[in-house]
Each structure stands twice: as structure tokens, then as C-alpha cells.
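Taking it in order: structure first as C-alpha cells, then the write-up.
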Amino acid sequence: MQRINTQLVYSASDIVGALECRHLAHLERAAVDGHLQRSMRTDPVLDRIAQRGLEHEQRFLAELTGDGLRVVEIPRDETLPRAERLVRGREATIEAMRGGADVIYQAVLFEGRCLGYADFLRRVEQRSDLGPWRYEVWDTKLARHAKASAVLQLAMYSELLEAVQGKAPAEMHLALGGVMREKLSFRVADYAAYYRSVARGFEALLDDTGPSFPVPTKPEPVEHCDVCRWSAECREQWRADDDLSLVANLTSVQRHALHAIDVTTRTGLAEPATPLPDRIPGAGREALAHIRAQAEIQVRGEREGRVIAERIPPARDRAGALVPNNGLLMLPEPSPGDLFFDIEGDPFFGSNEVDGIDYLFGVIEPGRAGPDGQPAFHAFWSIEGGTVTTAGERAAFEALIDLVTDRLRTDPNLHVYHDAWYEPTAVKRLAGRYGTREEEVDRLLRGGVFVDLYRAVRQGIRASVESYSIKRLEPLYGFEREVDLRDAGTSIVEFETWLELGRGDERNDLLAQIAGYNRDDCISTLRLRDWLEEQRAALAAELGDLPRPTVPEPEQVEDSEAQQVVKRTRRRACRRVA
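Numbering of the sequence shown is given in our numbering, commencing with residue 30 and proceeding in unit increments.
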């Protein structure tokens, strides 16, 4: 969003952003009018995504030129004033369209208050005001599937294009990323009315005739926060307002329902004197009690200046019996051979065979000592010939499953502990992708060998944290990392940096750093398990003996998850070949 000669001008990204978050549109307008300063968000993961997107765009450009098409690129002179740059870009685009270029790259479309930068305009042999041809929009998107926001963007560009050539394009197109590099086409007429409705709503939302500050809305957590430049400011406002969005695991439906009954702050929710109904949308009486207890422990933890936790009473059935395999009762008996497992993966890695890759499978084995006298750490890298390959991923996966299978021969009672859903999901996916170790993975899944500590925590522990990620819980069990704590994307960025470097010490140092991250994650999982066992023992002291989880008999399972994954993968492969 920007002002050009006093007129407020907006882009497709502004409209899409407003659909995601009304507050964002008001923040942008306030910044345009000089009331707020836009932040320069530094996020190496987002930078990497942008770089990958540019690479995908360049591949598509090379494909067009390789087909012998005449491509005209619209230059952008960043030294010119913004208004003049846009006018020149628009004029150069119109000139290229009138000249009948096969492809126009980086087209500038600017009509009224709407501004668009289309990746590509492609000529089609259909009459328009230009002559016996007209143009259709092509946009490149790194995503593997078409998103509604991308189609809305195409619809806006298509309407701007119609204003220039006098005829609406019949179709608009996406060139997607991923292995398949799929190209999708959409009928413009199917989406034009929806786009116009959205655009009218956007203009009404901004109402350029009224004041832009103070901003008339409050921020709400949405998916767009992950990529928004204003996310830090919004988090500060949530904290200043003691907003309900700070309450861990509170859904947007529940939050809006609480606002509707005038419960608007975390402290107010935590206060026993604040009246609550028996139920609200998204939560009955029991769920509301859990929500209030979560708010209360967070408020108490902040006042005490530390992370505190309490045990959640175990679930019982209608007869009053303890519900098995739930919360702390899902923890199996510890065994000397227990393993602790974590995966490092890169969703941006692409080849002609796969989208994304798991490049490190790490396992801590506390029952065996490594060369340094510490618990043995096994790092299985998906590296072959100095780079990451699918053959390397397959070999690393096989080495992992072989390790677990071998250790089970020595200790049939061992379990593989992990945090959250990714690790067992990856194991099932890789067994299906490569058609290897299916029987071994089948036995692991049927035998309940994998134990998800995240589920045990969510069902059995209440803590004064805003998120139940393992890193937020580490103060509870006193774990200090040997490698500096990083966010979820740092190892991905360092791994991709490693991919780009040649051979040398710096490259090896990066691998050692990533392995250090992974080892810390595995050890933290071990320490969390030990702490949860302490909590389980304390619970047993209160309630008496607690049951350990039971493993289903083989005949109770008709078809294992691993087998289902293998079958689906093979069906997809057959369809691709066909």
C-alpha cells in the first residue's frame, strides 16, 4: 500500500492480507499516512523461501525462452521516484503488448487505485483492442497446490489487463513448484465477480475519507502472523492488553465466545470470581474449567517469575475407572534400551524425485556410552558423495530402522520416544516412498514402540507457558543446551547454506552445528521423559498403582498405517506413470 500523488494505491497482496487480517490493512494505511513506522522483519527462513521462489520463477522463464518465445522484460529503475517508476513501467508494458511480444516478464499493471506486478503475460491468438491477439496472466508460485490467495491475485491482474487490451482474458494460469511443476488454468469469468466483491469490501474497509489513526481494530492471531512484518508489534500489544490470545491452546472460536460474554483478558479469565456459563461455543463445562486453569497458572507463573507446572488429574470413564493410555498413564515402563529420536528436515529441498527431504535422523542411546563418555549419539545423514540425495535419505532411513530393530533384539521392552507427530509420520512416509523396511516399520507401529511425549504432556501436565513446545518446557527439568537455542527454521537455513558451500572446514563446521542442535533435542526428549516419570510417580503416590499402556494384539489391527502408506504411495506412482 502506498500513496501516489495523494491517492491511496493498493496491490493484490494488500487485498489478500486484509482477507487474512483486517487489522493489517489498517496498520498499513496508518503507516502510509506517516502515523506508524513499518518494521523491517528479519527472518532467514522467509528470506530462503523468497530465494527459492525467485529460482522457480527463473526456471519458468528459462522454459519459455527455451521454447523459442520472444520475451520482453520490463525494466525497473530503482533510482527513479516511485511515481515515475510506476508510470514508466506501465508505459513499457503497454508498448510491449501493442508490439505483440510472445511473453512480457515483470509486467506493470496500474489502473486507478490498483497496482499489480504480474510475473508473466503470455500472448494468445484471440482478438482484442491490441489486434488479433490478447494476453493472459501467468504467475509462478513455489507452493505445490493452488491457494485461494493466488487465484484472487490472478483475478485482480486479469481485470487490470482487461482495462489495457479492451477484452477480458479467457483464462489465467499458475506455474506451481514441487516435483510435478504443475501448471493450472482457471476461467477468469468464474472468479471475476468474487474478486470485484472482495475489492469493494477492501475499499470500504479502508474508507480513505476517514482518519487512519488511531487504528480502529485490534490484532488477532491468524496464520498470516507467521509472515507478517507487523507481528512483533502485535505481540507487544497482546502482552500490554493481557489478551486472551496469550492463553495456551485457546482456539479462536473459544476466544471470540469469551469476548462475547465480556471476558477479554487473561487475568480476568483466571479470576475465579469472573462468572462463566456452563458452556460456550467450542467448550463445554469441563473444557472451560481447563481453559480457566491454564490462564490461572500462566498468570501465577508470570507473577512468580518462573515456569511452574501441575499434574492434571487423570481422566476417568463413567464408572470412575482410570482411562488407560492417556496423559501420564500413556508412559510405558522405562527400559535400559530406550531410545530418544529427532529428525531434521528441509521442506524447501527439491529434486526431480521428491519435495522436501529429511536430512538428519538423530538418536540418543542412554544405555550405551559414546566416545566422550556421554550417552551414545547416532547421526544418520542423508548425504551421499558430499551432497544430499534421495538415495542418501533412503540409506539413512534404513540405518535408523536397522538400529531400532537390532536394539529390540537385545531389549524387547525398549521404546522410541519423540516429541509430537513428525517423527512417526516421517517413518511411515519414508517406508512408503522407498518401499523399504515396511515389515520392520509395521512391527514398530503395531507394537506401540513409538511414544509421543507431547501428547503425554498435553493430557497430563499443565504449565505456565504460552506454548507447549519442548523448548518452552525445558526450565521445568533444568535442561541447558550445549548449542545456542534456535528457532525451528535456523537449522534449515544452515543446512541450505551447507548445500551451497563447496568443500572445506566451514562446511564441516555447519554440519557439526546442526548435529549439535539435533543432539540437544534428543537429550531434551530424554530429560523430559525422566521428568514425566517423576510426575507419574508422584501421581501414583496420591492415587495408588497406575496402569502402564497396553499393546494391541496383532489380530486387532486389520491393516497397519505403514502398509496403508505404502499402498497409497504405490497407487500415486502408478497414476503418474500412466
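The C-beta atom is built at its ideal place from N, Cα and C for all residues, glycine as well.
This structure is a prediction, so every number in the text was calculated from the model and none was measured.
The criterion of a C-beta distance shorter than 7 Å is satisfied by glycine 311 and valine 282.
By the Cβ-count criterion, proline 301 is exposed, with fewer than 16 other Cβ atoms from all chains shown falling within 10 Å of its own Cβ.
Between phenylalanine 215 and aspartate 375, the C-beta spacing is not below 7 Å. Boundaries for alanine 269: no beta strand (DSSP E) harbours it, while the alpha helix (DSSP H) harbouring it runs 260-270, taken from the DSSP string. With a cut-off of 8 Å on Cβ pairs, the segment 214-228 is not in contact with the segment 246-256, counting fewer than three such pairs. Between arginine 151 and valine 180, the gap from beta carbon to beta carbon reaches 7 Å or more. No Cβ-Cβ contact shorter than 7 Å links phenylalanine 149 with tryptophan 162.
About 6 Å separates the beta carbons of isoleucine 521 and valine 74, which is inside the 8 Å limit, making them a contact pair.
For secondary structure counted as the alpha helix (DSSP H) over 4 or more consecutive residues, the segment 137-202 holds these complete runs in sequence order: 177-194.
Less than 7 Å separates the beta-carbon of glycine 206 from that of leucine 171.
Cα atoms of glycine 366 and glycine 476: separation of roughly 16 Å, rounded to the nearest angstrom. Serine 214 is bridged by DSSP to His202. For tyrosine 483, the enclosing alpha helix (DSSP H) begins and ends at 482-489. Residue nearest to glycine 507 within the set Leu555, Ala460, Asp481 is Leu555 (criterion: CA-CA distance). Under the three-pair Cβ rule at 8 Å, the segment 434-445 does not count as touching the segment 313-328.
Secondary structure within the segment 548-587: not one fully enclosed alpha helix (DSSP H) run of 4 or more consecutive residues is present. With a cutoff of 7 Å on beta-carbon distance, alanine 569 and leucine 561 are scored as not near each other. The beta carbon of aspartate 271 lies closer than 7 Å to those of Thr294, Arg295, Thr296 in the same chain, with the five residues before and after it left out. When only Cα atoms are considered, glutamate 333 and aspartate 559 end up about 25 Å apart. Taking 7 Å as the cut-off, the beta carbon of glycine 421 is found no closer than this to the beta carbon of alanine 408. In the assembly as shown, valine 101 is a buried residue. Its beta-carbon has 16 or more other beta-carbons within 10 Å. For the pair aspartate 43 and leucine 138, the Cα-to-Cα distance works out to about 15 Å.
In the structure shown, alanine 449 falls within a coil segment according to DSSP collapsed to helix, strand and coil. Along the length of the segment 51-131, whole beta strand (DSSP E) runs at least 3 residues long occupy 100-102, reported in chain order.
Under DSSP, threonine 294 takes part in a beta bridge, and its partners are Asp272. Taking all protein chains shown into account, serine 493 has 16 or more neighbouring C-beta atoms within 10 Å of its C-beta and is therefore buried.
Put simply, the backbone Cα of proline 400 is about 10 Å away from that of phenylalanine 406. Secondary structure remark: continuous beta strand (DSSP E) runs of at least 3 residues inside the segment 218-242: none found.
Bounds of any alpha helix (DSSP H) do not take in aspartate 401, whose DSSP letter is neither H nor E. Rounded to the nearest angstrom, the gap between the Cα atoms of alanine 338 and arginine 329 is 10 Å.
Note: aspartate 375 is bridge-paired with Ile386 in the DSSP secondary-structure output. Around the CB of glutamine 194, 16 or more other CB atoms lie within 10 Å, so the residue is classed as buried.
The three-state secondary structure of serine 42, taken from DSSP, is helix. Counting C-beta pairs with one atom in each stretch, the segment 257-269 and the segment 48-60 have three or more that are closer than 8 Å, which means they touch.
Residue pairing from DSSP leaves glutamine 283 without any beta-bridge partner. Here valine 392 carries a strand assignment [DSSP, helix/strand/coil].
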